[in-house]
Structures are given as structure tokens and as C-alpha cells.
Amino acid sequence: MKVILLDNIKGVGKKDEVINAADGYARNYLLPRKLAVEANAENMSKLNNKKEAASFRKDVEKQNAEELAKKLKGIMLKIKVKAGENGKIFGGVTSKEISENLKSQYNYIIDKKKIDLKENIKTLGEFNVSIKLYEGVVASLKIQVISE
Numbered sequence: 007m008k009v010i011l012l013d014n015i016k017g018v019g020k021k022d023e024v025i026n027a028a029d030g031y032a033r034n035y036l037l038p039r040k041l042a043v044e045a046n047a048e049n050m051s052k053l054n055n056k057k058e059a060a061s062f063r064k065d066v067e068k069q070n071a072e073e074l075a076k077k078l079k080g081i082m083l084k085i086k087v088k089a090g091e092n093g094k095i096f097g098g099v100t101s102k103e104i105s106e107n108l109k110s111q112y113n114y115i116i117d118k119k120k121i122d123l124k125e126n127i128k129t130l131g132e133f134n135v136s137i138k139l140y141e142g143v144v145a146s147l148k149i150q151v152i153s154e
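Numbers given in our numbering equal positions in the sequence shown, counted from 1, plus 6.
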């Protein structure tokens, strides 16, 4: 019997997967526990619509990420910090500070976890930082760290 799984089941399959289960297993275990529904025309149509909607949503998110990447490319983010005589920063510039400055200066909300900063910036100057906006979409941001 063909069924559509409504949940991940270890050893059987993943959610929204169409599997061929034994009749007894499907009737006595999967269907009564609402772990699966029968793969008839109506349910298959619902599954296809659900997959198309998810695909469309992913495409829209990727387009938005690409537009944001283009906008970020032309930005020079200026971060003011306290520094010593030889240009060393007290503490360092972290991805959290970069995220907060992007929000305050340009009103772009980017999660600090998406900012790919190998280690904190500890000197004054200009730096390039990559930001992973979406799967396969990476933006480059120029940061200028200046003394107060």
C-alpha cells in the first residue's frame, strides 16, 4: 500500500515522502497513529501543492538574499572604536558589533551568525568581511575601523 508519511519515522522514511508499506503495517500502525495518509489522488495533489509552495518560498528568499548582497557590495561600513597609540583596538570588533552597526547605520538586519569573521578585528583600517545570506549567496562587505 502506498502512503505519504506525515512525520519522520526512523527506518521507514522522512516527512512528505511517498513509500510503499506493507498493508498490515499501514492499516494497523501508520494510519491509526496519524503517521501517514493513504496516497490517493487527493492527498498526492495536496503533497504536490505543498512542495511547489515550498519551492516558490525558497526562490523568493534566494532572490531577496541576492538583492541584499548587491546592496551590501556598495557599502562602506564605518565602525568607531577606542584605540591605543599604535593602532591596536581595546577589545576588538566582533560580528555582533558589525551586525548592530549595519542595523543602526543602514537599517539592514543581518544575524551575527551569518557574518563570517575568522577572528575579531583588532587593528584600525579597512577589512573585507563575507556574509552568508543564503545557501549559495555570499555577500562581501567593506568595513572601515576608525578611532574615535
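For every residue, glycine included, the Cβ atom is placed at its ideal position computed from N, Cα and C.
Opening and closing residue of the beta strand (DSSP E) in which residue i lies
i: Glu91; result: Per DSSP, Glu91 belongs to no beta strand (DSSP E) and is neither H nor E.
i: Lys169; result: This structure leaves residue 169 out entirely; the chain is present only between 7 and 154.
i: Ala32; result: Taken as a continuous stretch (DSSP letters only), Ala32 belongs to no beta strand (DSSP E), as it is neither H nor E.
i: Glu132; result: Gly131 to Tyr140
i: Ile116; result: Per DSSP, Ile116 belongs to no beta strand (DSSP E) and is neither H nor E.
i: Ile15; result: Looking at the DSSP string, Ile15 is not in any beta strand (DSSP E), and its letter there is neither H nor E.
i: Glu125; result: Glu125 -> no beta strand (DSSP E), and no H or E assigned at all.
i: Glu44; result: Ala42 to Glu44
Option nearest residue i by Cα separation, candidates the options
i: Glu23; options: Lys94, Ala42, Ser61 and Val151; result: Ala42
i: Lys119; options: Ser110, Phe133, Tyr140 and Glu132; result: Tyr140
i: Glu91; options: Leu130, Ile81, Leu83 and Arg39; result: Leu130
i: Asn157; options: Leu83, Lys109, Asn113 and Leu108; result: Within the shown structure, residues of the chain are numbered from 7 to 154, placing residue 157 beyond reach of any answer.
i: Met7; options: Leu108, Tyr31, Lys79 and Asn55; result: Tyr31
i: Glu132; options: Asn113, Ile81, Ser61 and Ala59; result: Ile81
i: Ala45; options: Glu103, Arg63 and Ile25; result: Ile25
i: Lys79; options: Leu108, Glu58 and Asp29; result: Leu108
i: Arg33; options: Val9, Lys21, Gln111 and Ile15; result: Val9
Inter-residue CB distance, residue i and residue j (contact presumed, cutoff 8 Å)
i: Gly19; j: Leu11; result: 5 Å
i: Ser101; j: Ile115; result: The Cβ separation is near 14 Å, so there is no contact.
i: Ala47; j: Leu36; result: With a Cβ gap of about 19 Å, Ala47 and Leu36 do not count as contacting.
i: Ser105; j: Asp117; result: 7 Å
For residue i, the first and last residue of its enclosing alpha helix (DSSP H)
i: Glu72; result: Ala47 to Lys79
i: Tyr112; result: Ser101 to Tyr112
Distance cut-off 7 Å: residue i Cβ against heavy atoms of the ligand GTP
i: Ser146; result: Looking at this structure, you won't find the ligand GTP or any other ligand, since it has none at all.
- Message: With three or more beta-carbon pairs closer than 8 Å as the criterion, would you say the region 81-89 touches the region 141-153?
- Response: yes
- Message: Would you call the region 130-146 in contact with the region 59-71, where contact means no fewer than 3 C-beta pairs closer than 8 Å?
- Response: yes
- Task: Would you check if there are 3 or more beta carbon pairs closer than 8 Å linking the region 95-113 to the region 125-140?
- Result: yes
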